[in-house]
């Protein structure tokens, strides 16, 4: 999403499946409870400007194009749980965040309408690299190379020797240069 000329705001929401061992009474075995931790992060990155439209032969219709906007990618190392504590829920609890259906299905239910009385606040340490990527055209200079013009007289029936004597067809592999195309102005 464009932020300021050449800069982009990247909003990332992480969903963590957290498993906790909870004691419901003293002198009992712990019960494993599975929950959802949510963390949102915003970064602003420089992605340069690219105001072009990209047309491709893979397009379905002649008017179908893609923009040259950068694509945000996030690389994450497995997170580390640093601490967990039970606290009463406050109004600033992130319960208002809409949880995608794919995430809800992992918990066999929905999180909408849920009004918890207590929350487990988990401190998670994680390392991330957020990047903006953009496809760009690169011009790589190619220089002519010298192919020997020496003709050898073949006096052998060995096919390898005959092949070595054939001049390399450079013009078949490379398009003609502007001065070689015999075009009329």
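Residue numbers (our numbering): 48 to 232.
We put the CB at the ideal spot given by N, CA and C, even for glycine.
My assumption, with CB atoms under 8 Å, is that residue i sits in contact with residue j. Please give the rounded CB distance.
i	j	result
residue 85	residue 62	6 Å
residue 92	residue 146	That belief does not hold up - the Cβ atoms of residue 92 and residue 146 are roughly 26 Å apart, past 8 Å.
residue 87	residue 60	5 Å
residue 80	residue 131	Contact doesn't hold; Cβ gap of about 11 Å is too wide.
residue 133	residue 165	6 Å
When we look at the beta-carbon of residue i and count the other beta-carbons within 10 Å, is it buried (16 or more) or exposed?
i	result
residue 163	exposed
residue 57	buried
residue 135	exposed
residue 206	exposed
Suppose the cutoff is 7 Å on Cβ atoms and the five residues either side in sequence are ignored; what does the same chain contact list for residue i look like?
i	result
residue 128	169, 171
residue 213	none
residue 69	77, 78, 80
residue 71	78
Which residue or residues does DSSP assign as beta-bridge partners of residue i?
i	result
residue 118	180
residue 150	In the DSSP output, where bridge partners are listed per residue, residue 150 has none listed.
residue 87	60
residue 67	80
residue 93	54
residue 172	127
residue 134	166
Could you check whether the Cβ of residue i sits closer than 7 Å to any Cβ belonging to chain B?
i	result
residue 148	No chain B appears in the structure shown, which is made up of a single protein chain.
Using a Cβ-Cβ cut-off of 8 Å (strictly less than) and excluding sequence neighbours within five positions of residue i, which residues of its own chain qualify?
i	result
residue 52	96
residue 48	Interpretation of residue 48 is limited by its pLDDT of 49, a score under 50 that renders its predicted location unreliable; the figure taken from the coordinates is listed afterwards. The residues are 55, 56, 57, 58.
residue 196	214
Who are the Cβ neighbours of residue i in its own chain at under 6 Å, not counting the five residues just before and after it?
i	result
residue 126	171, 173
residue 118	180
residue 65	82, 84, 169
residue 94	55, 117, 179
residue 188	none
inquiry  = Would the stretch 153-170 count as touching the stretch 112-126 if we require 3 or more Cβ pairs under 8 Å?
reply    = Taking 8 Å as the limit for Cβ pairs, the verdict is that the stretch 112-126 does not touch the stretch 153-170.
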